[in-house]
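Below: the structure, in structure tokens.
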Amino acid sequence: MEIIIIFIFGLIIGSFLNVVIYRLPAGMSLIFPPSSCPSCGQRLKPQHLIPVISYLWQKGRCAYCGAKIPFRYPLVELTTAFIFCFIYLKFGLTILTLKYVLFAVFLIPLFFLDLENYLLPDKLTYPLILVGIFINIITRDLSWKNLFFGVLTGFGVLFLLALVSRGGMGGGDIKLAAGMGAFLGFPFILETLFLAFFFGGLTGIILLVTKKKERKDLVPFGPFLIGAAFLTVFWGDEILKWYLKTFFF
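Read in order, the letters of the sequence shown correspond to residues 1 to 249 in my numbering.
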């Protein structure tokens, strides 16, 4: 029963995160005006805003003008619901579940904003850092040393990379990595960065070989950081043990 409640809660939060993803780049308020169709401007009624169900019932189209609704809307809702459930199954009804649910609430919109708009806005990355520090004061699952070096490593590694590459790494990526360091701490932020570079590099090679991208084309790095962060949250210990056992023992 608890898992069903958490899944429904995730769908509801995911619906709000869709608002963040749509309105934040446009500089709109997240609260006012009420939700409306981007195509015809008609204000939507409650029955049009039920997560996933409304999309399926309306066959992915606006109930008024028939304009196509992006598939991203149910995707974000379902992604949020499933991630919340995975967090609950991993940590149970503990304070750590609250910590990582908050982590996900920041990471999910950042993932889609960077993927769609090449944007990691300060309005999300700065609060990510502050909330990460604050929540660790409550949970105390990280020592002050691990918290400090987590933030410093996340910020420092990408900042140095940005200097060396002369702009190859954006400021949003640097602040995102610092925020992830506040939540994950040291040494897990190092693991996250390694996974992000590995999968990001592999994807870049595939895109070049298949000629989907040219060398000068931009590829957002935020989604790789965020994907790696979720891997670390769920399987960080196992990945670290496997790595140490394989290469050092």
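We put the CB at the ideal spot given by N, CA and C, even for glycine.
- Excluding its 5 nearest sequence neighbours in each direction, Y118 has C-beta neighbours in its own chain below 7 Å: L218 and P220, listed in chain order.
- DSSP places K211 in the coil class of the three-state scheme, outside both helix and strand.
- Relative to the Cα of D237, the nearest Cα in the group K213, L184, G222 and G27 belongs to L184.
- Annotated as distal: G150 and T80, with beta-carbon spacing of 8 Å or more.
- The region 26 to 93 contains no complete beta strand (DSSP E) run of 3 or more residues.
- A straight line joining the alpha-carbon of F230 with that of F159 spans about 22 Å.
- Inter-residue distance for F134 and K59 is about 42 Å (C-alpha atoms, whole angstroms).
- The beta carbon of I6 sits closer than 7 Å to those of F84, C85 and Y88, all from its chain and outside the five residues before and after it, given in chain order.
- Relative to the Cα of L190, the nearest Cα in the group R215, N146 and F103 belongs to N146.
- When C-beta atoms of the region 116 to 130 are compared with those of the region 33 to 46, fewer than three pairs fall below 8 Å, so the two segments do not count as touching.
- Contact annotation: G179 and I129 have beta-carbon atoms nearer than 8 Å.
- The alpha carbon of F188 has as its nearest neighbour, out of L56, D141, T94 and V233, the alpha carbon of V233.
- By the 16-neighbour rule on beta-carbons within 10 angstroms, K241 is exposed.
- Within a 10 Å sphere around the beta-carbon of K216 sit fewer than 16 other beta-carbons, which makes this residue exposed.
- Nearest in C-alpha terms to C37, of all of F248, Y55 and A228, is Y55.
- Put simply, the backbone Cα of K211 is about 15 Å away from that of G201.
- The beta carbon of F112 sits closer than 7 Å to the beta carbons of I21, R72 and V76 from its chain, once the five residues preceding and following it are set aside; these are given in chain order.
- Distance check between N18 and each of E214, S35, I137 and T246 places S35 closest, using alpha-carbon atoms only.
- Within the same chain, Cβ atoms closer than 7 Å to the Cβ of C62 are found at C37, S39, C40 and I69, the five residues on either side in sequence being excluded.
- With a cutoff of 8 Å on beta-carbon distance, D141 and L96 are scored as near each other.
- One thing to note: L193 has its Cβ no nearer than 8 Å to the Cβ of A182.
- Secondary structure of M1 (DSSP, three-state): coil.
- If you ignore the 5 residues before and after Y64, its C-beta comes within less than 8 Å of the C-beta of C37, C40 and Q42, all in its own chain and listed in chain order.
- DSSP places P109 within a helical segment (H, G or I) once states are collapsed to three.
- Y243 is classed as exposed because its beta carbon has fewer than 16 other beta carbons within 10 Å across all chains shown.
- Proximity to L225 across L115, F16 and L207 peaks at L115, based on C-alpha coordinates.
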